[in-house]
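Here the structure comes first, spelled out in structure tokens, and everything after it is commentary.
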Amino acid sequence: MEQLTKALMSLYNLYDANRDSSTVYGNEAEFRSLYVLLHLDSMTQPMVDLYFIDVVKNFCTFLKAASAGYFRMGNYKRFFSTISAEASYLQYCILEPYINEVRALSLSCINNAGYKLHPYPLLHLSKLLKMKESDLEVLCNACGLETFSDEMGNKLLPTKQKTFCYPKEGCKSYNFVGLEQFER
Numbered sequence: 016m017e018q019l020t021k022a023l024m025s026l027y028n029l030y031d032a033n034r035d036s037s038t039v040y041g042n043e044a045e046f047r048s049l050y051v052l053l054h055l056d057s058m059t060q061p062m063v064d065l066y067f068i069d070v071v072k073n074f075c076t077f078l079k080a081a082s083a084g085y086f087r088m089g090n091y092k093r094f095f096s097t098i099s100a101e102a103s104y105l106q107y108c109i110l111e112p113y114i115n116e117v118r119a120l121s122l123s124c125i126n127n128a129g130y131k132l133h134p135y136p137l138l139h140l141s142k143l144l145k146m147k148e149s150d151l152e153v154l155c156n157a158c159g160l161e162t163f164s165d166e167m168g169n170k171l172l173p174t175k176q177k178t179f180c181y182p183k184e185g186c187k188s189y190n191f192v193g194l195e196q197f198e199r
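Residue numbers for the sequence shown follow the numbering used here, so the first one is 16 and each next one is one higher.
See the structure below:
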């Protein structure tokens, strides 16, 4: 990531140094968007870049989902669906550290907002979060949430558990169902 950041910063400076009113670089928007994605957690990134990138049709939807869009609004299903449908390999690699953080955040929301008498089916939740049901169970346990199986063998997540916490060692990396072509 450090090497990629340095390379993108060099490219960013080259675009700025060679700027004139008649030159349009074909891949400039793509590389600037990758630079912005690398700095999602940094508040020092100038907003001008976000506005510049937002006009580019190829990245408009994706950047909205990745940054100030779907996951900040709590629309986790749309966030994960957009990534699986539109992310390039490089975009996925840049977003990979954030994906499991968003999964843990969505677990927190479901735990807090769910109806206590109706446990949430892990199979349904695993489809929303684009992960295997067994991986989701491991993530739930890492977040301090207990799961159980009903009489038919369906795994369920009881809501309103007071034991939720973000994993202390950070989130383990889980496969992203729908992006098997990107797995290492």
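Glycine included, C-beta positions come from ideal geometry on N, C-alpha and C.
Secondary structure at LYS170: strand, using DSSP grouped into helix, strand and coil. Take PRO173, set aside five residues on each side of it, and the residues of its chain with a beta-carbon closer than 6 Å to its own are PRO134, in chain order. Here the C-alpha atom of LEU160 lies approximately 12 Å from the C-alpha atom of CYS124. In this structure, the beta-carbon distance from LEU137 to THR162 falls below 9 Å.
Here ILE109 is not near MET24, since their CB atoms are 9 Å or more apart. If the five residues before and after GLU152 are omitted, its C-beta is found closer than 8 Å to the C-beta atoms of LEU137, THR162 and LYS170, all from its own chain and listed in chain order.
Per DSSP, the beta bridge partners of TYR135 are LEU172.
Look at the stretch 105 to 165 and you find these whole runs of alpha helix (DSSP H), each 4 residues long or longer: 137 to 143 and 148 to 157. Your pair ASP165 and ASN190 does not check out as a contact, with CB atoms roughly 26 Å apart and the cut at 8 Å. The beta carbon of SER121 sits closer than 7 Å to those of TYR91 and LEU144, all from its chain and outside the five residues before and after it, given in chain order. Relative to ASP31, the option among LEU19, ILE98 and PHE46 whose CA is nearest is PHE46.
In the three-state scheme derived from DSSP, where H, G and I count as helix and E and B as strand, ASP35 is classed as coil.
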